[in-house]
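For what it's worth, the numbering used here labels the leading residue of the sequence shown as 40, then goes sequentially.
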Amino acid sequence: MKRFKNLPILLVILIGFIPLFDLFHPGLPLTHDGQDHVARIANFYQNLTEGNIIPRWAGNLNWGYGHPILMFLYPFPSYTASMFHFLGFSLVDSVKIVFGLSFIASGFAMYAWLKEFLGIKAGFVGALLYMFAPYRFVDLYVRGAIGEHVAFVFPPLIFYFLFKLSRRFSKWYVIGGSLSLAGLLLSHNAISLMFLPLIFLYVIYLLWKIKNKKQYLLHTTYYILLGLGLSAFFWFPAFFEGKYTLRDIVTAGEYSSRFTDFARFIYSPWNYGISGQFSLQVGVVHWISIILAIPVIYLLYKKKNNLWVLGTAAFLLFWLSIFIMTPYSRIIWDNISLLQKFQFPWRFMSVDVFATAVLGGLFFYILPNKFKSFVVLCFVVLILFFNKDYWHASGYLQKPDSFFTGIYNGTTDTGESSPIWSIRFMEKSPKKNIEVVSGEANIRQISRRSTIHVYEINAASKSRVLENTLYFPGWSVYVDGKEVDPEFQDPAHRGLMTFYVDEGTHAVSIKFGETKLRLFSNIISGISLAILFFYIILNSKVWRQFRLF
Numbered sequence: 040m041k042r043f044k045n046l047p048i049l050l051v052i053l054i055g056f057i058p059l060f061d062l063f064h065p066g067l068p069l070t071h072d073g074q075d076h077v078a079r080i081a082n083f084y085q086n087l088t089e090g091n092i093i094p095r096w097a098g099n100l101n102w103g104y105g106h107p108i109l110m111f112l113y114p115f116p117s118y119t120a121s122m123f124h125f126l127g128f129s130l131v132d133s134v135k136i137v138f139g140l141s142f143i144a145s146g147f148a149m150y151a152w153l154k155e156f157l158g159i160k161a162g163f164v165g166a167l168l169y170m171f172a173p174y175r176f177v178d179l180y181v182r183g184a185i186g187e188h189v190a191f192v193f194p195p196l197i198f199y200f201l202f203k204l205s206r207r208f209s210k211w212y213v214i215g216g217s218l219s220l221a222g223l224l225l226s227h228n229a230i231s232l233m234f235l236p237l238i239f240l241y242v243i244y245l246l247w248k249i250k251n252k253k254q255y256l257l258h259t260t261y262y263i264l265l266g267l268g269l270s271a272f273f274w275f276p277a278f279f280e281g282k283y284t285l286r287d288i289v290t291a292g293e294y295s296s297r298f299t300d301f302a303r304f305i306y307s308p309w310n311y312g313i314s315g316q317f318s319l320q321v322g323v324v325h326w327i328s329i330i331l332a333i334p335v336i337y338l339l340y341k342k343k344n345n346l347w348v349l350g351t352a353a354f355l356l357f358w359l360s361i362f363i364m365t366p367y368s369r370i371i372w373d374n375i376s377l378l379q380k381f382q383f384p385w386r387f388m389s390v391d392v393f394a395t396a397v398l399g400g401l402f403f404y405i406l407p408n409k410f411k412s413f414v415v416l417c418f419v420v421l422i423l424f425f426n427k428d429y430w431h432a433s434g435y436l437q438k439p440d441s442f443f444t445g446i447y448n449g450t451t452d453t454g455e456s457s458p459i460w461s462i463r464f465m466e467k468s469p470k471k472n473i474e475v476v477s478g479e480a481n482i483r484q485i486s487r488r489s490t491i492h493v494y495e496i497n498a499a500s501k502s503r504v505l506e507n508t509l510y511f512p513g514w515s516v517y518v519d520g521k522e523v524d525p526e527f528q529d530p531a532h533r534g535l536m537t538f539y540v541d542e543g544t545h546a547v548s549i550k551f552g553e554t555k556l557r558l559f560s561n562i563i564s565g566i567s568l569a570i571l572f573f574y575i576i577l578n579s580k581v582w583r584q585f586r587l588f
């Protein structure tokens, strides 16, 4: 029997590779956002090579005027892709590796969680339901939504460590859980907001089941605070400095045109079109799980099995998510401003995928053992058959890395991250990085990196200089080592930095640094990382062998 202990894990990996074959084709699958994600990651990686451990400014985006999108772009996928690029893979291949590994890892995470209380076969079924939902292939091959795709890994991992902590305390569960929570928060902003209430409810559910409530609540608090602290360098500035962007203007009311008719959840043709065109079907096998959930929950209740509560919650969660994506929920969206930040109601498909995986696992949990193997086999065949047309790319973009590392025309978003005193998109590259707009001066560029531009300016008279870089809090101008205040609201140079130099030769440095808020966030994450590091060291076998007291 030990020989087959890891067979379900192996099968999750092997079956999970089937939809990924198109990623092995040369080039980048043609998707809505895939090309832009590679360009963002190229700028992210450039920052890392320049010594910026926390990249916040994309210098080559927006026609070379730069853009603060990295401050608001979930960084975990970019860090991961950058690691593979550092190992020698091209930018495109690095992104495809992240897509592929995340897909497999999400199935493994769901299996690990469900197996703990539903058993191996039920965990295996739940993992396949989680991976093979049609919406997962929309993210992968239609939208190219790397953040949402990676985020699928973490909710079941968070739930896994919460469950393990409810059984017995282990510092490794706190460490694993905090890293998982940080991973979710660093993977996608909207998905994190969706799942945080569910995490809270799951903690309440586990508290209801166990006896030692006080100890569990204490350990869970450590777990959550450490996860929030580790990721604070990103989410804290992203939340509070969003007021300096066009976010609330560009996305205002966008949700109102993105609702979905209920019939499209049952069936909608597969295509590679934009929002409102691509398929939002739940999936045939997934609908079977929903239908079977009613008798499953009833049987669990009759047997006085507490899992009926989890099943009921998953069932209600599924239907609540469906409702929130339909026009009938408009009044809720109109009156809850936080909900509007999700931008697209159909993002709640992520919650539906999670709920159906749980319900499918519960069905196999109550199934008599003598039928389980046969039904699992039938299930695998059905889920592969009904999804076989969804895991293909519509085509491929063949571009060298230089296409993404040079000046990139777009901002890679819809303009919501552009500074509030600028326009949404620049329209062409500047003739020069820096130029004289009044007076007389010669300028020599000494060096130019993402976050520091160095010049020598020889002015024959007092001159006004235009730096063709968008201003955002953190940019500072230094003339001969002294900070001067740049102007960035001149209608003639909207959002760009201008400053004056007196007659003579001057050393000018224009630097992008951390605001007080970002610095505070970095310190919180640094302290959290130090706590995590010492937590690991103090609980390692090596330390236990050599410590003196």
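Glycine included, every Cβ here is placed at the ideal spot set by N, Cα and C.
For this session: Give the straight-line distance between the Cα atoms of I422 and G165, rounded to the nearest whole angstrom.
Result: Taking the Cα positions, I422 is about 12 Å away from G165.
For this session: Within 10 angstroms of the Cβ of S226, are there 16 or more other Cβ atoms? Answer buried if so, exposed if not.
Result: The residue in question, S226, is buried, as its Cβ has 16 or more Cβ neighbours within 10 Å.
For this session: Starting from the Cα of F402, find the closest Cα among W385, L349 and D75 and give me that residue.
Result: When only C-alpha atoms are compared, the closest one is L349.
Exercise. When we look at the beta-carbon of V335 and count the other beta-carbons within 10 Å, is it buried (16 or more) or exposed?
Worked result: Sixteen is the threshold: when 16 or more other Cβ atoms of the shown chains lie within 10 Å of the Cβ of V335, as they do, the residue is buried.
Exercise. To which residues of the same chain is A277 closer than 8 Å at the C-beta, ignoring the five residues directly before and after it?
Worked result: Hits under 8 Å: M110, F111 and N228.
Exercise. Which same chain residues, not among the five before or five after M149, have their C-beta less than 6 Å away from its C-beta?
Worked result: For M149, the CB contacts under 6 Å within the same chain, skipping 5 residues up- and downstream, are G165, A166, Y169, P195 and A396 in chain order.
For this session: Figure out for me which residue from P47, I482, N561 and E506 has the closest Cα to the Cα of N497.
Result: Scanning P47, I482, N561 and E506 for the CA closest to the CA of N497 turns up I482.
For this session: Count the other CB atoms, across all protein chains shown, that sit within 10 Å of the CB of Y36; report buried if there are 16 or more and exposed otherwise.
Result: Residue 36 cannot be examined here, being either before or after the span of the chain that is shown, 40 to 588.
Exercise. Starting from F208 and walking both ways along the beta strand (DSSP E), at which residues does that stretch end?
Worked result: F208 -> no beta strand (DSSP E), and no H or E assigned at all.
Problem set entry | Opening and closing residue of the beta strand (DSSP E) in which M536 lies | L535 to V540 is the span of the beta strand (DSSP E), which, as asked, contains M536.
Exercise. Are there three or more Cβ pairs, one per stretch, closer than 8 Å when the region 513-528 is compared with the region 542-549?
Worked result: Counting Cβ pairs under 8 Å, three or more are found: they touch.
Problem set entry | Under the three-state DSSP convention, the category N310 falls into | N310: coil per DSSP, three-state reduction.
Exercise. With distances taken between CB atoms, is the gap from P107 to F511 smaller than 9 Å?
Worked result: Between P107 and F511, the C-beta spacing is below 9 Å.
Problem set entry | the region 210-219 / the region 178-198 touching (three or more Cβ pairs under 8 Å) | Taking a cut-off of 8 Å on C-beta distances, the region 210-219 touches the region 178-198, as three or more cross pairs fall below it.
For this session: Along the beta strand (DSSP E) that carries K252, what are the first and last residues, could you check?
Result: Counted as a single uninterrupted DSSP element, the stretch harbouring K252 is not any beta strand (DSSP E) but the alpha helix (DSSP H) occupying residues K252 to L269.
For this session: Take the Cβ of W152 as the centre, count every other Cβ of all protein chains shown within 10 Å, and call the residue buried at 16 or more, exposed below.
Result: Buried, because 16 or more other Cβ atoms sit within 10 Å of the Cβ of W152.
Exercise. From L211 to L264, what distance separates their C-alpha atoms?
Worked result: Residue identity check: residue 211 is Trp in the sequence provided, not Leu. Their Cα atoms are separated by approximately 15 Å.
For this session: Report the partner residues of K521 according to the DSSP bridge assignment.
Result: As DSSP reads the structure, K521 sits in a beta bridge with V518.
Exercise. What's the call for S389, buried or exposed, on a 16-neighbour Cβ count within 10 Å?
Worked result: Buried: at least 16 other Cβ atoms inside 10 Å.
For this session: Taking K501 as the reference, give the member of V476, S231 and T554 with the closest Cα.
Result: It is V476.
Exercise. When you compare each of F163, D440 and V131 to I143 by their alpha carbons, which one comes out closest?
Worked result: The candidate whose alpha carbon is nearest that of I143 is F163.
For this session: Reducing DSSP to helix, strand and coil, say where T544 ends up.
Result: Three-state result, T544: strand.
For this session: Following the continuous beta strand (DSSP E) through L509, name the residue where it begins and the one where it ends.
Result: Counting along the chain, the beta strand (DSSP E) containing L509 begins and ends at S502 to L509.
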